[in-house]
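Residue numbers 1 to 493, in the UniProt record's numbering, belong to the letters of the sequence shown in order.
Written below as structure tokens is the structure these notes are about.
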Amino acid sequence: MNMPPYTFQTEQGETLNAPREWQACLLVLAESFDDNTRVSLQHHPLKLSQERLQGVWRLVAKLPRLNTGHYQLIINQENYSFSVQSEKLSTADIELLLLDLIQTLPASIAQSLQRTNAFSGSKNHPHTQTTLTGEINRLHNALFGTTRYRGLCQLLPALQHAPHQQIHVENRWRPVQCARRPAPAQLASALRPHNLDAQQKIKRVLEPISALSVDVYENRLLKIYLAQIRQLLNRLRILKRCQTTIEQYSQALTHAERQAPFLKSVSDLTHLPQQETMILQHVPLYRALMMNYRAFQAEKGVSLQHEALASPLENLPTLYQLWGTLQVLQALLIIAETKGYEVIQQTLCVPDGVGWLVRVLPNGQAACVLKHPEYQTVVRFIPERTYQGSFFQQRPDIAIEVETEQGELAVYIFDPKYKLDSQQDKPQKGDIDKMHAYRDAIRHAGKPVVRYAAILYPAENYQITAEIAAIQAIPNQASELQALLQEKLKMIV
Numbered sequence: 001m002n003m004p005p006y007t008f009q010t011e012q013g014e015t016l017n018a019p020r021e022w023q024a025c026l027l028v029l030a031e032s033f034d035d036n037t038r039v040s041l042q043h044h045p046l047k048l049s050q051e052r053l054q055g056v057w058r059l060v061a062k063l064p065r066l067n068t069g070h071y072q073l074i075i076n077q078e079n080y081s082f083s084v085q086s087e088k089l090s091t092a093d094i095e096l097l098l099l100d101l102i103q104t105l106p107a108s109i110a111q112s113l114q115r116t117n118a119f120s121g122s123k124n125h126p127h128t129q130t131t132l133t134g135e136i137n138r139l140h141n142a143l144f145g146t147t148r149y150r151g152l153c154q155l156l157p158a159l160q161h162a163p164h165q166q167i168h169v170e171n172r173w174r175p176v177q178c179a180r181r182p183a184p185a186q187l188a189s190a191l192r193p194h195n196l197d198a199q200q201k202i203k204r205v206l207e208p209i210s211a212l213s214v215d216v217y218e219n220r221l222l223k224i225y226l227a228q229i230r231q232l233l234n235r236l237r238i239l240k241r242c243q244t245t246i247e248q249y250s251q252a253l254t255h256a257e258r259q260a261p262f263l264k265s266v267s268d269l270t271h272l273p274q275q276e277t278m279i280l281q282h283v284p285l286y287r288a289l290m291m292n293y294r295a296f297q298a299e300k301g302v303s304l305q306h307e308a309l310a311s312p313l314e315n316l317p318t319l320y321q322l323w324g325t326l327q328v329l330q331a332l333l334i335i336a337e338t339k340g341y342e343v344i345q346q347t348l349c350v351p352d353g354v355g356w357l358v359r360v361l362p363n364g365q366a367a368c369v370l371k372h373p374e375y376q377t378v379v380r381f382i383p384e385r386t387y388q389g390s391f392f393q394q395r396p397d398i399a400i401e402v403e404t405e406q407g408e409l410a411v412y413i414f415d416p417k418y419k420l421d422s423q424q425d426k427p428q429k430g431d432i433d434k435m436h437a438y439r440d441a442i443r444h445a446g447k448p449v450v451r452y453a454a455i456l457y458p459a460e461n462y463q464i465t466a467e468i469a470a471i472q473a474i475p476n477q478a479s480e481l482q483a484l485l486q487e488k489l490k491m492i493v
């Protein structure tokens, strides 16, 4: 393996395998490069200068402070790449965080919502017992089949030889001299002024053209099913523990899809499939497809919807905040259930084509509202709620509002913070100052209402005052975090 023609160094001269997260770093080029060298990082040019290092003049570029992620480096039109890893979370912690986001937290939150009657008026309930192994087996059965039904990797090539088709009639404009059977009902359209020549004769007429088309309901169902399989593959691909298996499944599906080019002529369904046609019931290939589809739908899992999951390393701060938000939500639901609260409104868990989605919309609206049937106390869980302070707006990541039957309001703030420039094992002064600002500025009826404000961050627990704290939030210690959060929430709900 060829070594790249550059090294990374700290400003103190220490050689690095890659830049460290959010720390100053130098890119040092090999001696062979001259002053005509051009270097860019993520397609942004870097300024080069000559510096004497260990007695040798070298071309050096000062890199900007970098977030975690994968980076492209171009030196004289040659492409290179490197990755910046997290300094605050280990690789194992990041894997656990992703597993929590993909599987553990969505399923447990859906389960808690179910136990607090969030779905009492619905016929559909989420399947909350899905495991990672179960999801992989679900994909395996869909792609390769079981003793009861054939898999998609077998069905797609077979369907290419006998796809269901229907006669499709389409009206097309044709010159009068070429038309054989103009559509009588469309002759009025042909009499419009722009379609008449100088002698006021019709130039073109609409003629019905009949052709066999594969763009039918049954093939559209197949297409939406394939999209659901792809969605699940993409969701699991980011977990290192199953990347090899998922990549094999993805390649097998791609190979099968290439053997069914008729799908390119099939449009998307505008709604979720809700009917079984005679074709799906009686034509052998389509009956096998329907058995496969029903088996996949019977084990619909609960998943998290967030665009940041597509590039986890690049979006680690966002995912950490999301993970912290879901941890607080889960603790709240557990305590609310033990105290007899019921969910009266929620936008957290909604059905979609693949299963159920858990989503946290940062729109300042209550994502979940609980009410105690006896005491009439209302609890609202609000992500990124904007409060109007005396001078500035305040927008904490998580606000839990507790309102009594008498209208008394208390607010509890939690802010998950993966700070890029925090190099110490204690909270930053700016973060703590923000907690003080929340406590002092957020008011109701002219009175301060914040009873507790805490940041969640990847370092040690730190109590500032009775109302302000920094809580350790590390994925491999999630059970300790849950215990602490539940202890805090038990006193306020």
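Beta carbons: idealized from backbone N, C-alpha and C, even for Gly.
Since the structure is predicted, the reported quantities are computational estimates derived from the model, not experimental observations.
- The DSSP-derived three-state label of A470 is strand.
- Between Q9 and V39, the CB-CB gap reaches or exceeds 8 Å.
- In this chain, the beta strand (DSSP E) harbouring Y71 covers G69 to I75.
- Contiguous alpha helix (DSSP H) elements confined to the stretch 107 to 174 occur at 132 to 144 and 152 to 161, taking only those with 4 or more residues.
- Each residue's CA atom was taken as its position, placing A211 and Q160 some 18 Å apart.
- Using a Cβ-Cβ distance cut-off of 8 Å, the stretch 276 to 296 and the stretch 365 to 376 are not in contact, since fewer than three pairs of beta carbons, one from each stretch, lie closer than that value.
- Residues of the same chain with a CB within less than 6 Å of the CB of A24, apart from the 5 flanking positions on each side, are E11 in chain order.
- By the neighbour-count criterion, in which a residue is buried when 16 or more other Cβ atoms sit within 10 angstroms of its Cβ, S112 is buried.
- Secondary structure remark: continuous beta strand (DSSP E) runs of at least 3 residues inside the stretch 244 to 322, in chain order: 302 to 304.
- For T68, same chain residues with a beta-carbon under 6 Å away, outside a window of 5 residues either side, are E21, V84, S86, L313 and L316 in chain order.
- Each residue's CA atom was taken as its position, placing Q42 and L66 some 11 Å apart.
- Annotation for Q321: D397, P416, K417 and Y418 place their beta carbon closer than 8 Å to its own, counting only its chain and skipping 5 residues before and after.
- Partner residues in the beta bridge of H44, as assigned by DSSP, are L41.
- Burial is judged here by how many other beta carbons sit within 10 angstroms of a residue's own beta carbon; T130 has at least 16 and is buried.
- H436 carries a helical assignment under DSSP once its states are collapsed to helix, strand and coil.
- Rounded to the nearest whole angstrom, the CA to CA distance from P427 to S108 is 29 Å.
- Inter-residue distance for C153 and P182 is about 45 Å (C-alpha atoms, whole angstroms).
- Non-local beta-carbon contacts of A179 in its own chain, meaning distances under 7 Å to residues more than five positions away in sequence, involve V205 and E207 in chain order.
- Cβ atoms of I382 and E401 come within 8 Å of each other, at about 7 Å.
- The shortest C-alpha to C-alpha distance from A188 to any of E135, A30 and I202 is the one to I202.
- Exclusion of the five residues before and after R380 leaves A366, V369 and E401 as the residues of its chain whose Cβ lies within less than 6 Å of its Cβ.
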